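Asker:
Chains as they are written, first to last, in the numbering used here: chain A, 1 to 587; chain B, 1 to 196.
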């Protein structure tokens, strides 16, 4: 250990390897401490939750497209407490809405982006054998798992799952049925899980990076995970505090979020009162705005890796991207109340938060612009991961730019409760983040399995999904600008002014259902390629970053010889070099 | 497979993994209690009237508890210092004292809580008591957590001293950092709830 930052193979290495060979099935695949196994566990659980959350939405889209119409077959299976005679009850609609948001954000995208890709890729990209705290890593997954099961089980509680939206605004949520308690307990498990994960990621990135891998030689993906981990570490605890207070309100009868003299169903509530419903909103959005960046940053990192690899050029403005990312991380803590312009919190507050919101758009635009300029003059390889990555740019761009009016108090007030907001943030997260995640799956699949996914099926999946995403969400901008509220059980059918745009509900719904069909090639491809995909070597994409120095799939401990970093992450097409890529790990 | 820098220090960061980990954890704990203190401020400033803590709560008992916790922080440091000087026997004594002082804190807290319940003061009574029970309750959970970790190092965890004394000393240091944090939270809680 004479060199600073050297990772010397310990003397007992061989003995330990022999010991690990003896691990049984349970320790190897279920209660594993190997970051790659945990990453895959997170990834697959996350994908299943994404599918489940999407299914809830497909059900809701039936009610929105054909309000009050009986849903054949499926309606009967769901029973009389949810869909009597096949017609959806309003309570069940609320359940679906609240749980769609909760599941997609906390159980789908974040576990896949951070738990899945972060766990699998980050230690490999920094040349580490594993995470800094492998047992903590396992605990993190199992806390997440218990949280997820709690959320699913809450559907079976009397009165069903939580019905107060994924934001669980008080006082509605405090007075809601038992499902809300399940939601709060589930959230406490999920928060604990992400806390353990965040500590682990930051420590791993600081301590276990390979010799020579300085911070400005990190692949951009490592940087995004580093900043994301800080956001999770610092933003989630206030929501944990808020969840504890809401639990006290519900279980111990306190009034943290219940104002004095609250009238429910015509009667004044017999509670002490004196609480503040806006306090919940502040604490919730203090998490949930940084959470937006938790959703998007890892996807940006994935896209950056793939764009550099497939344009065969260095990223344009790598340093500006890194500095923007760090600045964006700090700023994300002081913009939260732009979600709350509707509360009438006062012009001074609104002025502050709209200013910070306009400022935070600058680093996002810098990163997106740098990625776009990176395409310029490249000889681009259009494989499936690259298609998803290139599509990410305009899709995220639409999502980001349509957010600007929402950041201004005056424009936000007419738009806030309409479908415009739904379209805006879904463009960021669905064809934005999820495209990034799909790209990552196609890109790192050969590292995890030693085989490539099928390109033809990948392209069908890509084209179908791209078209359908826009068919689903573009009409929502139009509906939102026409003033249709996003909180209506009948999708606006009861309002005269909504009639001219009502047919767009049908368009959106069919877009969603057809998109489900286009996920079938992906699901098939994902499993089929494990055994039948084209076999690949260690570095099938001729990439430069350190994860490609390990065998595919990497063994326990990852690298045969501890790798070193000799140069920056994206040295593609170096003039005078023999090949068009000069890997970080080659002297 | 051994994870590097579990015990030894990485030269360019000057830290081992556990030290970074525990400080990051404490950072998140600051945010957790910070959010609750912020909520306290918001609810109190929004209330038309707010009782002074000493009219409801027992200040002498809380002063005693403050002394108990500060003493336990001292014994915690002594326990770690004993390990640094390779005196395992004195470590056991000081660590045992730390755990007992933690226990004494819980006993005093039990009397405080049960007295409140006897005279009909519950979290639901008003928002002062709501925030009192929530903050001190959460703090108490932290005391229990710290005691459990310390008890592990006093008992079964102490086996590590025989095989890897440096690692064991580091782990005691890290659990000490947590214990001091729990102490510090109380130092803020005491004036905020009992005196102001």
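Just so it is clear, CB atoms sit at the ideal spot from N, CA and C, and this is done for glycine as well. Everything numeric in this text was worked out from a predicted model, so none of it was measured.
#1: Can you tell me whether residue 162/B is buried or exposed? The criterion is at least 16 other CB atoms within 10 Å of its CB, across all chains shown.
#2: In angstroms, rounded to a whole number, what distance separates the CA positions of residue 453/A and residue 149/B?
#3: Taking Cβ-Cβ distances below 9 Å as the criterion, which residues of the stretch 119–135 of chain A are in contact with chain B?
#4: When the Cα of residue 379/A is compared with those of 312/A, 528/A, 424/A, 247/A, which residue comes out closest?
#5: Determine the direct distance from the alpha carbon of residue 583/A to that of residue 449/A, and round the result to whole angstroms.
#6: Which whole-angstrom value describes the C-beta separation of residue 170/A and residue 257/A, a residue pair presumed to lie in contact below a C-beta threshold of 8 Å?
#7: Find the nearest neighbour of residue 176/A within the set 251/A, 29/A, 24/A, 288/A, judged by alpha-carbon distance.
#8: What residues in its chain sit with their C-beta under 7 Å from that of residue 465/A, if we drop five residues either side in the sequence?
#9: From residue 43/B to residue 333/A, what distance separates their C-alpha atoms?
#10: Relative to the C-alpha of residue 170/B, which residue among 4/B, 120/B, 146/B, 18/B is closest?
#11: Assuming residue 13/B contacts residue 206/A under a Cβ cut-off of 8 Å, what Cβ separation, rounded to an integer in Å, is found between them?
#12: Provide the residue span of the alpha helix (DSSP H) that contains residue 84/B, from first to last.
#13: Do you know offhand how far residue 99/B's Cα is from residue 369/A's?
#14: Looking at the secondary structure, which residues open and close the alpha helix (DSSP H) in which residue 236/A lies?
#15: Using CA coordinates, which residue listed in 510/A, 234/A, 442/A, 484/A is at the minimum distance from residue 386/A?
#16: Tell me the rounded alpha-carbon separation between residue 212/A and residue 563/A.
#17: Does the CB of residue 46/B have a neighbour CB from chain A at under 8 Å?
#18: Can you have a look at residue 89/B and say buried or exposed, based on whether 16 or more other CB atoms are within 10 angstroms of its CB?
#19: Taking C-alpha atoms, which residue in 103/A, 31/A, 95/A lies nearest to residue 49/A?
#20: Just tell me which of 151/A, 152/A, 201/A, 93/A has its CA closest to the CA of residue 25/B.
#21: If the criterion is Cβ atoms closer than 8 Å, does the pair residue 109/B and residue 140/B meet it?
#22: At the 8 Å Cβ level, is residue 117/B part of the contact set with chain A, yes or no?
#23: Note down the Cα distance separating residue 4/B from residue 208/A, rounded to an integer number of angstroms.
#24: Out of 372/A, 543/A, 39/A, 382/A, state which residue places its alpha-carbon closest to the alpha-carbon of residue 317/A.
#25: Whole angstroms is fine: what's the gap from residue 522/A's alpha carbon to residue 345/A's?
#26: Just checking: is the beta-carbon of residue 7/A within a distance shorter than 8 Å of some beta-carbon in chain B?
#27: Can you tell me which residues form a DSSP beta bridge with residue 418/A?
#28: Can you check whether the CB of residue 335/A is closer than 8 Å to the CB of residue 282/A?
#29: Using 8 Å as the threshold, is the C-beta distance between residue 163/A and residue 94/A below it?
#30: Determine, using beta carbons only, whether residue 65/B and residue 105/B come nearer to each other than 8 Å.
#31: Compare the C-beta of residue 5/B with all C-beta atoms of chain A and state if any pair is closer than 8 Å.
#32: Skipping 5 residues on each side, what residues in its chain have a beta carbon closer than 6 Å to that of residue 17/A?
#33: State the beta-bridge partners of residue 328/A as determined by DSSP.
#34: By the 7 Å beta-carbon criterion, what residues does the stretch 218–240 of chain A contribute toward chain B?
#35: According to DSSP, is residue 17/A helix, strand or coil?
#36: Skipping 5 residues on each side, what residues in its chain have a beta carbon closer than 7 Å to that of residue 14/A?
Answerer: Working from what's here:
#1: Taking all protein chains in view, the Cβ of residue 162/B is surrounded by fewer than 16 other Cβ atoms within 10 Å, so the residue is classified as exposed.
#2: Approximately 47 Å, taken between the alpha carbons.
#3: Listed in sequence order: 128, 129, 130, 131, 132, 133, 134.
#4: For residue 379/A, the nearest C-alpha among the options comes from 312/A.
#5: Near 21 Å, if we compare the C-alpha coordinates of residue 583/A and residue 449/A.
#6: A Cβ-Cβ separation of about 3 Å places residue 170/A in contact with residue 257/A under the 8 Å criterion.
#7: Considering only 251/A, 29/A, 24/A, 288/A, the residue with the shortest C-alpha distance to residue 176/A is 251/A.
#8: Answer for residue 465/A: 515, 518, listed in chain order.
#9: Looking at the backbone, the Cα of residue 43/B and that of residue 333/A are separated by about 22 Å.
#10: Nearest of 4/B, 120/B, 146/B, 18/B to residue 170/B, Cα basis: 18/B.
#11: Confirmed, Cβ separation roughly 6 Å.
#12: Where residue 84/B is concerned, the enclosing alpha helix (DSSP H) stretches over 59–84.
#13: In this model, residue 99/B and residue 369/A are separated by some 57 Å (Cα to Cα).
#14: Taken as a continuous stretch (DSSP letters only), the alpha helix (DSSP H) holding residue 236/A covers 220–247.
#15: With distances taken between Cα atoms, residue 386/A lies closest to 442/A.
#16: Answer to the nearest angstrom: the Cα atoms are 9 Å apart.
#17: Under the Cβ criterion of 8 Å, residue 46/B is counted among the residues facing chain A.
#18: Label assigned to residue 89/B: exposed.
#19: Of the candidates 103/A, 31/A, 95/A, the one whose C-alpha sits nearest the C-alpha of residue 49/A is 103/A.
#20: If we check each option's Cα against that of residue 25/B, 201/A comes out closest.
#21: Against a cut-off of 8 Å, the Cβ pair of residue 140/B and residue 109/B comes out as a contact.
#22: Not closer than 8 Å to any Cβ of chain A, the Cβ of residue 117/B fails to qualify, so no.
#23: In this structure, the alpha-carbon of residue 4/B lies about 7 Å from that of residue 208/A.
#24: Nearest to residue 317/A by C-alpha distance, out of 372/A, 543/A, 39/A, 382/A, is 372/A.
#25: Going by the C-alpha atoms only, they are around 46 Å apart.
#26: Note that residue 7/A scores 45 on pLDDT, short of 50, meaning its location in the model is unreliable; the coordinates nonetheless yield the value given after this. Cβ-Cβ to chain B under 8 Å: yes for residue 7/A.
#27: Beta-bridge partners of residue 418/A (DSSP): 485/A.
#28: Not closer than 8 Å, so no.
#29: Taking 8 Å as the Cβ cut-off, residue 163/A and residue 94/A qualify as a contacting pair.
#30: Judged by beta-carbon spacing, residue 105/B lies within the 8 Å limit of residue 65/B, meaning their Cβ atoms are closer than that value.
#31: Chain A, which has a Cβ nearer than 8 Å to the Cβ of residue 5/B, makes this yes.
#32: Unreliable positioning characterises residue 17/A in this predicted model, as indicated by a pLDDT of 46, which lies under 50. A coordinate reading is not provided.
#33: Bridge partners of residue 328/A: none, in fact.
#34: Here the close residues are 233, 234, 237, 238, 240.
#35: Unreliable placement is indicated for residue 17/A, whose pLDDT of 46 sits below 50; no coordinate value is reported for it.
#36: With a pLDDT of 42 at residue 14/A, under the threshold of 50, the modelled position of this residue cannot be trusted, and the question is left open.
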